[in-house]
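When the letters of the sequence shown are read in order and numbered with the numbering used here, they come out as residues 79 to 441.
Please read the structure below before turning to the comments.
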Amino acid sequence: MELLYYFRDVAHYSLATFNPSTSYIRDVIMHMVFTHDTVSRRALLYALLAFSSLHRSGLHRETMLFKVTALEALSASAEEAAQGSVEAAQHVAACMTLCAFEILLPSENSGEWLWYIRGAMKIVQRARVGSQFESGGGSMLLDWVYYHDSMSRFTLYHWRHNDLAVEAANTTISPATRVTQYPTLANSEITSRLQNPPHAIINVLSEVCEVLLDPSDPRSQEVEYKDRLRALEWKVDNLPPSSSTTIVTEESINELKLTAQLYRIATRVYLARVSQDPLDSSVNLDSLVDRCEARTEEQRAAILNLIDRTEKSGYARPMMTFRAQVQAFWIQRDLHADNDLIPNYLNLMKAAISSNHALPSYA
Numbered sequence: 079m080e081l082l083y084y085f086r087d088v089a090h091y092s093l094a095t096f097n098p099s100t101s102y103i104r105d106v107i108m109h110m111v112f113t114h115d116t117v118s119r120r121a122l123l124y125a126l127l128a129f130s131s132l133h134r135s136g137l138h139r140e141t142m143l144f145k146v147t148a149l150e151a152l153s154a155s156a157e158e159a160a161q162g163s164v165e166a167a168q169h170v171a172a173c174m175t176l177c178a179f180e181i182l183l184p185s186e187n188s189g190e191w192l193w194y195i196r197g198a199m200k201i202v203q204r205a206r207v208g209s210q211f212e213s214g215g216g217s218m219l220l221d222w223v224y225y226h227d228s229m230s231r232f233t234l235y236h237w238r239h240n241d242l243a244v245e246a247a248n249t250t251i252s253p254a255t256r257v258t259q260y261p262t263l264a265n266s267e268i269t270s271r272l273q274n275p276p277h278a279i280i281n282v283l284s285e286v287c288e289v290l291l292d293p294s295d296p297r298s299q300e301v302e303y304k305d306r307l308r309a310l311e312w313k314v315d316n317l318p319p320s321s322s323t324t325i326v327t328e329e330s331i332n333e334l335k336l337t338a339q340l341y342r343i344a345t346r347v348y349l350a351r352v353s354q355d356p357l358d359s360s361v362n363l364d365s366l367v368d369r370c371e372a373r374t375e376e377q378r379a380a381i382l383n384l385i386d387r388t389e390k391s392g393y394a395r396p397m398m399t400f401r402a403q404v405q406a407f408w409i410q411r412d413l414h415a416d417n418d419l420i421p422n423y424l425n426l427m428k429a430a431i432s433s434n435h436a437l438p439s440y441a
């Protein structure tokens, strides 16, 4: 029970959710742990114990025993998860908690987090969790899954080491054959839930990764491709009004709006850069892009200081790999500048994201 209390009071802050407040998904998980005694619940319980143990004491024997027990129960609950919405939700929550465990690993040398996202998505699609969990805890759970799934698409789009993606696709935890075979969120059965800004901007980011071509690709000069870019830009700039059926406090709603706005700006800047679109001559956008990129030593020192302070807060996972990738991007950018070369932003991103041997999560 001590580790459960630790999760409730401390460890849940390190869960990666789109919503800045992790208390909502914490409450959903805690409720599932104490209701409906199923094999899926056992998998969730031990996944939660493993996550809390790792967060509190690091990677040691007890932590690994919790994880192994969770995996055994998760494997046993695969058939049960197809029998009812409660079991399916517990199974999905267990997958996502193990995903959080892998992301939290201090060595940051594991790409196994992707396996659990694929497993969770498979259960959501097979058991039709979405149609049965349109409100309350189920809605929060789906938000959690879809956020990580969308961000994993962004990572895989830039990932040059294909072996890990194939390995994740072939794992017994996730029967999916290929990551790219999953439909975008816009094509899922739950499209209506994805129309407020938090979901809409994440969905657009997934679409961007599906549409974008390397600027050196001859197809990037075709009118049809440029029209698709225009459509994506319009989506980013015209998000629908904010709404929420699960978040009730004004402070939380404002935080969620701010998060959605930050993702919107980041997506707009990213789209402008990687497409190298000569038709986009907006002075305001050019100014925004310039302000979003650290080119001086002072700006870069400020960003590294922010990363350090975030890591020391205790609420974030280890950021050693992320820090190294940011610095790798700057190095590549400087090399191009020294040689008076026009940087291919997409290649710079791929080089930075692939600079580590393990698949990084940006959720």
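Note that beta-carbon positions come from the ideal geometry of N, C-alpha and C, so glycine has one too.
All values reported here derive from a predicted model rather than from experimental measurement.
Alpha-carbon to alpha-carbon, residue j and residue i
i, j, result
"L307", "N281", "15 Å"
"I381", "F407", "13 Å"
"P98", "R204", "29 Å"
"E375", "L384", "14 Å"
"A94", "L413", "34 Å"
"M79", "L176", "19 Å"
"A338", "Y224", "15 Å"
"A441", "E329", "22 Å"
"R411", "A198", "37 Å"
"R387", "Y91", "15 Å"
"E180", "P438", "10 Å"
"T345", "L283", "7 Å"
"W222", "R373", "34 Å"
"I343", "F96", "15 Å"
"A178", "W191", "7 Å"
"W193", "L143", "19 Å"
"A379", "R401", "12 Å"
"R297", "L290", "10 Å"
"E288", "I331", "30 Å"
"A128", "Y102", "20 Å"
"D295", "Y303", "11 Å"
"K200", "D416", "47 Å"
"E158", "N316", "42 Å"
"Q299", "S230", "28 Å"
"D305", "H236", "23 Å"
"L340", "M174", "24 Å"
"L122", "T100", "17 Å"
"Q405", "D292", "23 Å"
"D105", "I409", "43 Å"
"A89", "I107", "13 Å"
Residue environment, residue i, which counts as buried when at least 16 other CB atoms sit within 10 Å
i, result
"H435", "exposed"
"G392", "exposed"
"R120", "buried"
"Y58", "Limits of the chain in this structure are 79 at one end and 441 at the other, which puts residue 58 out of reach."
"L424", "buried"
"Q403", "buried"
"A166", "buried"
"F112", "exposed"
"A350", "buried"
"S135", "exposed"
"H277", "buried"
"H138", "exposed"
"D87", "exposed"
"K313", "buried"
"V286", "buried"
"S153", "exposed"
"T141", "buried"
Member of the options whose CA lies at the smallest distance from the CA of residue i
i, options, result
"I279", "K335, L152, S217", "K335"
"A151", "A171, K390, L82", "A171"
"S433", "H90, M398, N417, K200", "M398"
"P421", "A402, S353, A89", "S353"
"T147", "S163, L126, F85, G136", "L126"
"H169", "V202, A178, H109, T141", "V202"
"R395", "V88, D115, H133, E300", "H133"
"V117", "L149, I195, S131", "L149"
"H114", "E311, V164, Y124, H226", "V164"
"A429", "R238, L122, F85", "R238"
"Y124", "T100, D105, F85", "F85"
"M427", "A309, E285, E311, L234", "L234"
"R196", "Q377, V286, H226, S217", "H226"
"E389", "S131, R104, L182", "L182"
"V347", "E311, Q377, L219", "E311"
Collapsed DSSP secondary structure at residue i in the structure displayed
i, result
"N434", "coil"
"V88", "coil"
"Q203", "helix"
"D221", "helix"
"S130", "helix"
"E376", "helix"
"G392", "coil"
"S439", "coil"
"E180", "helix"
"T269", "Low per-residue confidence applies at T269: pLDDT is 43, beneath 50, and the placement is therefore not dependable, though the value from the model is reported in the following sentence. T269 falls in the helix class under three-state DSSP."
"A94", "coil"
"P32", "Because the chain in this structure spans residues 79 to 441, residue 32 falls outside the shown range and cannot be described."
"D115", "coil"
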